[in-house]
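The structure appears right after this line, and notes come after that.
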Amino acid sequence: MAKHRIVTTDAEIDRAIARAESLEGELRVTAVEYRPSPGLDLLILKLSDGHRLLIPREDLEGLQSATRDQIARVEILGDGTGLHWPSLDLDYYVPNLLRGVYGTKRWMAQIGRSGGSVTSKAKKRASRANGLKGGRPRKVVAAS
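When we follow UniProt numbering, the leftmost residue of the sequence shown carries the number 1, and every step to the right adds one.
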């Protein structure tokens, strides 16, 4: 059997320590609760400052087709800086969740597009009323 040697330089260790120290002021997750209900499944993150962050399950990339049992089996990693679903092989970095990043750029763009395409009677009325006023204002280009 071959022996493997891991070589870590002092500079790499110093950078890792500096990164860890920079996270000291960051909020961390102290507990996670999954509340499935008809119409709205919520993931509730309890944070180190006492606040809670509610995230709809369907907004998190990788959890759309997961079963309730799979979603409920979430682990907290790295002293509250990460979430891990072992049966789904899925991880999330908590500081990104706090910034509203729930997946890849492509996933986030898809969420944005679906939000903008919602149609309702109220939206239709507002659009018509805006059209009577001359429509969307033209962009003003600043003179150089």
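Note that beta-carbon positions come from the ideal geometry of N, C-alpha and C, so glycine has one too.
- Inclusion of R15 and T81 in the CB contact set at 8 Å is not warranted, their separation being larger than that value.
- Here I44 is exposed. Its C-beta has fewer than 16 other C-beta atoms within 10 Å.
- Of the other Cβ atoms in all chains shown, 16 or more fall within 10 Å of the Cβ of L83; this residue is therefore buried.
- In the DSSP assignment, K124 falls within the alpha helix (DSSP H) that extends over 121-132.
- Along the length of the stretch 23-83, whole alpha helix (DSSP H) runs at least 4 residues long occupy 68-72, reported in chain order.
- Beta-bridge pairing by DSSP links L90 to W85.
- Contact annotation: the stretch 85-102 does not touch the stretch 129-136, with fewer than three C-beta pairs closer than 8 Å.
- DSSP places I111 within a helical segment (H, G or I) once states are collapsed to three.
- With fewer than 16 other Cβ atoms inside 10 Å of its own Cβ, V140 counts as exposed.
- Annotated three-state conformation of I17 is helix, per DSSP.
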